[in-house]
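This report concerns only the one structure given below.
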Amino acid sequence: RINAEDVRKNFQPSPGEITMCHQPSGFRTRVDGAIFQGYKVTPYYDSMICKVICHGRNRTEAIQRMRRSLDEFVIEGIKTTVDLHKILLNHKKFLDSDFNVSWLDKEKLL
Numbered sequence: 025r026i027n028a029e030d031v032r033k034n035f036q037p038s039p040g041e042i043t044m045c046h047q048p049s050g051f052r053t054r055v056d057g058a059i060f061q062g063y064k065v066t067p068y069y070d071s072m073i074c075k076v077i078c079h080g081r082n083r084t085e086a087i088q089r090m091r092r093s094l095d096e097f098v099i100e101g102i103k104t105t106v107d108l109h110k111i112l113l114n115h116k117k118f119l120d121s122d123f124n125v126s127w128l129d130k131e132k133l134l
């Protein structure tokens, strides 16, 4: 889930106009959503603006595809959770599957 949120401000919504949008594409990669350059994100609904789905033959391959996809993703004009996902996908505890629901609060990744 890519959300229009400022992760450094306790995931506060980040409404506004998307001034630049380049979505990832490629084999076993899909983006579900309808955002585009000029799209206006309002504060009145769920902050999710799209979903990025990547498949692989195994977990490692899927993570590699997702990393590439997030590196390709450009959204300007609003704050999003893309950078947080990049941090999580490279964190040792995530890669080792050594995390739980309170992990993000405890790790202080931001």
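Position in the sequence shown (from 1) plus 24 gives the number in my numbering.
Where a beta carbon is used, it is the ideal one built from N, C-alpha and C, also for glycine.
Asked                                                                                                            : Found
Measuring only between beta-carbons, confirm whether E41 sits less than 8 Å from chain D.                        : No chain D appears in this structure, which consists of one protein chain only.
Between which two residues does the beta strand (DSSP E) harbouring D95 extend?                                  : Run containing D95: none in the beta strand (DSSP E); it sits in the alpha helix (DSSP H), 83 to 96.
Among the candidates H46, I111, Q36, whose CA atom is the shortest distance from the CA of E100?                 : H46
Starting from H109, follow the beta strand (DSSP E) in both directions and report where the run begins and ends. : That residue, H109, is in no beta strand (DSSP E); its alpha helix (DSSP H) goes 106 to 114.
When the Cα atoms are used, what is the spatial distance from N27 to D122?                                       : 24 Å
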